[in-house]
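Protein chains in written order, with this note's numbering: chain A, 30 to 462; chain B, 12 to 195.
Where is the CB? At the ideal position from N, CA and C, for every residue including glycine.
Because the structure is a prediction, the values reported are computed rather than measured.
See structure below.
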Amino acid sequence: MTEMIYSLLMLGTLLLCLMSGVWVAVSLFMSGMVGIWLFSSAPVGTVLATNVWSTAAEWPLAALPLFIWLGEILFRSRMSEDLFTGIAPWMRRLPGRLAHVNIAACGIFAAVSGSSAATCAMVGKVAIPELQKRGYDEKLILGTIAGSGTLGLLIPPSIILIVYGVATEMSIARLFIAGVMPGFLVIGLYMTYVIAWSLLHPDRVPAPDPALPFRAKMRATRRLLPVVLLIAGVIGSIYLGLASPTDAAAVGVFIALILSWSFGDLSWSSFTQGLMSATLTACMIAFILAGAAFLTVAMGYSGIPSDLALWIGGMGLNVYVLLAALTVLFICLGAFLDGISIVVLTTAVLLPMVQAAGIDPMWFGIYLVLVVEMSQITPPVGLNLFVLQGLTGRDVLYIAKATLPFFFLLVLAVLLLVIFPGIVTWLPGMMFA
Amino acid sequence: MQTFLTWIYRISGGAAALSLASIGVIVMAQVLLNLADALWGAATGRSIGLLIPSYATFAGYALAFATFLSLGLAIRSGAHIRVTLLEQRFPRPLARITSVLIPLLGSVLGLMLTWNIGEMAYDARRFGDTSSGLIAVPLWLPQLVLLLGSAVFAIACLHTLVETLLTGRSDALEDTAGKEQFYD
């Protein structure tokens, strides 16, 4: 009985802190302290110091600030214009035309950036005015950008997959590669939807531009080439086992600096701004991870995760029912929590249960990212919606309505992953060790 | 006093940025050495094993420094995320209470971290603990940097606490949603 009350006290502390607006990291530490104090006789402060010390200096986590920095450098470069002018000529003949540029540009930028909102902002700032000028349907523009922006979380390098990998002590390289095929799947679903929508609403798509000869297309794409090579280098070297994600990130930063210098948009101020911004973001995420690691120790003392696993195991629940229930839970959590907090709370509390149910943790990581992607485009707290609100001045609900079809496409993608888990596991299985 | 504190956050944050950049430099240098080694190996048939000793350890330390030294600046510039959705709907008296509670809990954590990391570093110095690996670094050295970072974090939280107690608000707690806050 006391165990039960202690557990409720610990979880209550966490919920109360989060709801009152205490910093997420501090909330995790606080409930961890309450848990250790209640459930063990260990000195709270000593556990705190040793735990923080051992998690703060982890080598795999070094990939995180480097990939954030890589995104910051390219975000401050000329790349967003190049993305638009480089992709647009190739999409002229597809039904839906330049709306596909949004999806493809987000897909490419997602492959250098690990963030959904950064992807959204980067593509949106150039593509929205260009497409509006050409008379595209505003809802289609906003929907494609908000929806495709979430690819930043899935296509490697992905900040959220680094967080998941560090929190679960799994190989980040394998998680990255596992995200590739689902990324293509989501791009495919989005493009199919845009084609279908345009065929159904021919009156709301502007008239086609004349086709460009192949050489003119190549000329327009030429400037995009270095960035595409950079991406291929980073992901390819991880896949081939030539480099760890941390190594690949460092080389990526180095090349991105050279590229942005050769483009002529690397100045001392843009360099320091990018570095400072990356430092603060990395600090925020690493501190949440430290808090989550500390909470995990407390959870271990409390036995809550293993009890939960036993309880679910005892119910003999069907895996599909469990996943459906989890999906609803995550969508609700996503309405007020951010993606990284959802991931660390899941790994601290739910992972033993998930494993007890016989779900592959690598598959579960990708599933979790897809569900978190959904929360990026659902109100009231959907970061992509905020970014687009900032760019267009439209209110969040209007943008959310425009994005709704893409939310359902993500639900469809999750269903496909459940039915065909091979979409996730096939590519990492082929990796060179 | 204000400007003095701002300088502390800035210097500490600047040192954090330098640490982050040095992760890149350390890792990049090792990658170049690996590359040189592979080329040399291909040319002569035997590799020489070029290596920055304990480079993973040093990159790890640099990461910890980058995280801890920027904690204070991150608090003051609102970079740490928190749930602001419910707060906006709180009635005034409740909002007044949480505006004090938030930095108060931050200060408690900051002071606990400072005290206990301090104790850990003191013990490490007393017992002469060193890192394992090719280069044995006395552990109290990197721990001292974490101690400094924790102290700046505690100062930033106390600073915010004093502000909310005196004026009922603080720039550090302003809602940042929609600003350039991308990696959540």
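Any beta-carbon of chain B closer than 7 Å to the one on alanine 78 of chain A?
On the first sequence, residue 78 of chain A is found 49 positions in, with the first residue counted as 1. So yes, alanine 78 of chain A belongs to the interface.
So if I threshold CB-CB distances at 8 Å, which residues from the region 121–149 of chain B count as touching chain A?
Listed by position, the residues of the region 121–149 of chain B near chain A (Cβ gap below 8 Å) are Met123, Leu124, Trp126, Asn127, Ile128, Glu130, Met131.
Consult DSSP for tryptophan 52 of chain A and reduce its assignment to one of helix, strand or coil.
Start at 1 with the first residue of the first sequence, and residue 52 of chain A comes out as number 23. Three-state DSSP puts tryptophan 52 of chain A in a strand.
Classify alanine 5 of chain A as buried or exposed, calling it buried when 16 or more other Cβ atoms lie within 10 Å of its own Cβ.
Residue 5 of chain A falls outside the range modelled here, since chain A spans only 30 to 462, and no answer is possible.
So, using beta-carbon positions, are isoleucine 406 of chain A and phenylalanine 449 of chain A closer together than 7 Å?
Within the first sequence, residue 406 of chain A is the residue found at index 377, counting from 1. Within the first sequence, residue 449 of chain A is the residue found at index 420, counting from 1. No; because the gap between Cβ atoms is not below 7 Å, this pair is not in contact.
Below 6 Å CB to CB, which residues in the same chain sit around arginine 87 of chain B once its five sequence neighbours on both sides are set aside?
On the second sequence, position 76 is the one that residue 87 of chain B refers to. Once the five neighbours on either side are set aside, the close Cβ partners of arginine 87 of chain B are Tyr20, Ala167, Ala183.
Based on the DSSP output, what are the partners of threonine 141 of chain B in its beta bridges?
Within the second sequence, the letter at position 130 stands for residue 141 of chain B. Among the bridge pairs identified by DSSP, threonine 141 of chain B is matched with B:Pro149.
Hey, valine 373 of chain A and leucine 397 of chain A are a contact pair by Cβ (cut 8 Å); roughly how many whole angstroms apart?
What you label residue 373 of chain A is simply residue 344 of the first sequence in a count that begins at 1. What you label residue 397 of chain A is simply residue 368 of the first sequence in a count that begins at 1. Not a contact, Cβ separation roughly 11 Å.
State the Cα-Cα distance for the pair glutamate 167 of chain A and valine 73 of chain A, rounded to the nearest angstrom.
Against the first sequence, residue 167 of chain A aligns to sequence position 138. Against the first sequence, residue 73 of chain A aligns to sequence position 44. Going by the C-alpha atoms only, they are around 55 Å apart.
Using a Cβ-Cβ cut-off of less than 8 Å, list which residues of the region 69–85 of chain B approach chain A; keep chain order.
Within the region 69–85 of chain B, Ala70, Gly71, Tyr72, Ala73, Leu74, Ala75, Ala77, Thr78, Phe79, Ser81, Leu82, Leu84, Ala85 place their CB atoms closer than 8 Å to a CB of chain A, listed in sequence order.
Please state whether DSSP places arginine 105 of chain A in a helix, a strand or coil.
Against the first sequence, residue 105 of chain A aligns to sequence position 76. Arginine 105 of chain A falls in the coil class under three-state DSSP.
Hey, does histidine 91 of chain B have any beta-carbon neighbour from chain A nearer than 7 Å?
For this step, residue 91 of chain B is matched to residue 80 along the second sequence. Closer than 7 Å to some Cβ of chain A, the Cβ of histidine 91 of chain B qualifies, so yes.
Any beta carbon from chain B within less than 7 Å of threonine 308 of chain A's own beta carbon?
Counting from one through the first sequence, the residue named residue 308 of chain A turns up at place 279. For threonine 308 of chain A, the answer is yes, since a Cβ of chain B falls inside 7 Å of its Cβ.
Does chain B have any CB closer than 7 Å to the CB of phenylalanine 58 of chain A?
As a first step, residue 58 of chain A must be located in the first sequence, where it is residue number 29. Chain B places a beta carbon closer than 7 Å to that of phenylalanine 58 of chain A, counting this residue as a contact.
Could you tell me whether the Cβ of leucine 95 of chain A comes closer than 7 Å to any Cβ of chain B?
By 1-based counting over the first sequence, the position of residue 95 of chain A is 66. Chain B places a beta carbon closer than 7 Å to that of leucine 95 of chain A, counting this residue as a contact.
Is it true that the CB of isoleucine 97 of chain A sits closer than 7 Å to the CB of threonine 310 of chain A?
Within the first sequence, residue 310 of chain A is the residue found at index 281, counting from 1. Within the first sequence, residue 97 of chain A is the residue found at index 68, counting from 1. Cβ distance < 7 Å, so threonine 310 of chain A and isoleucine 97 of chain A count as in contact.
If we call anything under 7 Å between Cβ atoms a contact, is alanine 28 of chain B one with cysteine 312 of chain A?
What you label residue 28 of chain B is simply residue 17 of the second sequence in a count that begins at 1. What you label residue 312 of chain A is simply residue 283 of the first sequence in a count that begins at 1. No. Outside cutoff.
Just to confirm before moving on: does the CB-CB distance between alanine 140 of chain A and alanine 75 of chain B stay below 7 Å?
Position 111 of the first sequence, counting from 1, holds the residue named residue 140 of chain A. Position 64 of the second sequence, counting from 1, holds the residue named residue 75 of chain B. No. Outside cutoff.
Apart from the five residues on each side of it in sequence, which residues of its chain come closer than 8 Å, Cβ to Cβ, to serine 60 of chain A?
For the purposes of this step, residue 60 of chain A is taken as residue 31 along the first sequence, with counting starting at 1. Excluding residues within five positions, the ones whose Cβ falls inside 8 Å are Met39, Leu40, Thr42, Leu43, Cys46, Leu324, Ala327.
Which residue from A:Glu32, A:Val378, A:Leu412 puts its Cα closest to that of phenylalanine 365 of chain A?
The count along the first sequence starts at 1 and reaches residue 365 of chain A at position 336. It is A:Leu412.
With burial defined as no fewer than 16 other Cβ atoms inside 10 Å of the residue's Cβ, what is the status of threonine 375 of chain A: buried or exposed?
Here residue 375 of chain A corresponds to residue number 346 of the first sequence, with the count starting at 1. Buried.
Residues bridged to arginine 93 of chain B (per DSSP)
The count along the second sequence starts at 1 and reaches residue 93 of chain B at position 82. Answer is A:Trp52.
Using only the alpha-carbon positions, how far apart do methionine 33 of chain A and isoleucine 341 of chain A sit?
The residue labelled residue 33 of chain A in the question sits at position 4 within the first sequence. The residue labelled residue 341 of chain A in the question sits at position 312 within the first sequence. Each residue's Cα considered, the two are about 17 Å apart.
Quick one: give me the first and last residue of the alpha helix (DSSP H) that serine 331 of chain A is part of.
Taking the first residue of the first sequence as position 1, residue 331 of chain A is located at position 302. The continuous alpha helix (DSSP H) containing serine 331 of chain A extends over residues 297–331.
Give a yes or no on whether the minimum CB-CB distance between glycine 178 of chain A and chain B is below 7 Å.
Position 149 of the first sequence holds residue 178 of chain A. Contacts with chain B at 7 Å (Cβ-Cβ) do not include glycine 178 of chain A.
Enumerate in chain order the residues of its own chain whose CB-to-CB distance from leucine 169 of chain B is below 7 Å, with the five nearest sequence positions on each side excluded.
As a working mapping, residue 169 of chain B is identified with position 158 in the second sequence. Close CB contacts of leucine 169 of chain B within its chain, under the 7 Å cut and outside five residues either way in sequence, are with Ser118 (chain order).
Counting along the chain, where does the alpha helix (DSSP H) carrying methionine 391 of chain A start and finish?
Your numbering for residue 391 of chain A matches position 362 in the first sequence. For methionine 391 of chain A, the enclosing alpha helix (DSSP H) begins and ends at 390–405.
Taking only beta carbons into account, state which residues of the region 37–57 of chain A come closer than 9 Å to chain B, listed in chain order.
Those residues of the region 37–57 of chain A that come within reach of chain B (Cβ to Cβ, closer than 9 Å) are Cys46, Leu47, Met48, Ser49, Gly50, Val51, Trp52, Val53, Ala54, Val55, Ser56.
For alanine 272 of chain A, I'd like the list of residues in its chain whose CB is within less than 6 Å of its CB, leaving aside the five on either flank, ordered along the chain.
Within the first sequence, the letter at position 243 stands for residue 272 of chain A. Residues Ser266 of the same chain have their beta carbon placed closer than 6 Å to that of alanine 272 of chain A, with the five preceding and five following residues left out of the count.
How would you label glutamine 154 of chain B, buried or exposed, when you count the other beta carbons within 10 angstroms and need 16 or more for buried?
Your numbering for residue 154 of chain B matches position 143 in the second sequence. By the neighbour-count rule (16 or more Cβ atoms within 10 Å), glutamine 154 of chain B is buried.
By DSSP, does threonine 179 of chain A sit in helix, in strand, or in coil?
Locating residue 179 of chain A in the first sequence gives position 150, where the first residue counts as 1. Under the three-state reduction of DSSP output, threonine 179 of chain A falls in the coil class, being neither helix nor strand.
Just mark arginine 244 of chain A as buried or exposed, buried being the case when its beta carbon has 16 or more other beta carbons within 10 Å.
Stepping through the first sequence from its first residue, residue 244 of chain A is reached at position 215. It counts as exposed.
Determine which residues of the region 105–118 of chain B have a Cβ less than 7 Å from any Cβ of chain A, and write them out in chain order.
Along the region 105–118 of chain B, going in chain order, the ones with a CB nearer than 7 Å to a CB of chain A are Thr109, Leu112, Ile113, Leu116, Gly117.
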